[in-house]
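Visitor: Numbering (full-length UniProt numbering), first residue to last: 1 to 110.
Shown below is the structure under consideration.
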C-alpha cells in the first residue's frame, strides 16, 4: 500500500499496516492515560521490542513515539532536579576543553 507523506507517495511501513488497512497513529501531546498504559506495559514486559508496544499496550502511537516518550519523560532512570556541584564542575571543565579545541580548529582551517 502507498501513502502520501509530506506531499510524496511512499510505501507504508509494516507497523503502519493492519492487514491491508492503513493504521492512523495519534500524534501530538500524550495524555495521562497513555502515559499510564506505557508505564504498565514496560513494567510487565520490560524495555525493548518497541514494535510491539502500541498493539500490546493498547496505544495508538508509533513505536518511535513510544520509545522516545519512555526514554525522555517516563523512565525512572531520568535524573530530575538541580545539578550537583560535581556535575557543574565537570560541565565547566568540559566546556573549557572543547572550546580550546574549537579555537584550534578555527585557527588551523583559516
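C-beta: ideal position from N, C-alpha, C; glycine also.
1. Taking 8 Å as the limit between beta carbons, can you name the residues of its chain near residue 78, skipping five residues before and five after?
2. Less than 8 Å between the C-beta atoms of residue 51 and residue 63, yes or no?
3. Would you report the Cα separation of residue 86 and residue 25, rounded to the nearest angstrom?
4. Could you name the residues of the same chain whose beta carbon sits closer than 7 Å to that of residue 111, not counting the 5 residues immediately before and after it, in chain order?
5. List the endpoints of the continuous alpha helix (DSSP H) containing residue 57.
6. Roughly how many whole angstroms lie between the Cα atoms of residue 41 and residue 89?
7. Buried or exposed: where does residue 29 fall if 16 or more other Cβ atoms within 10 Å of its Cβ makes it buried?
8. Hey, how far is the Cα of residue 76 from the Cα of residue 53?
9. Residue 99 to residue 45, Cα distance in whole Å?
Guide: Well, looking at it:
1. Same-chain partners within the cutoff: 72.
2. yes
3. 43 Å
4. Nothing about residue 111 can be read from this structure; the chain reaches only from 1 to 110.
5. Counting along the chain, the alpha helix (DSSP H) containing residue 57 begins and ends at 50-57.
6. 38 Å
7. exposed
8. 18 Å
9. 44 Å
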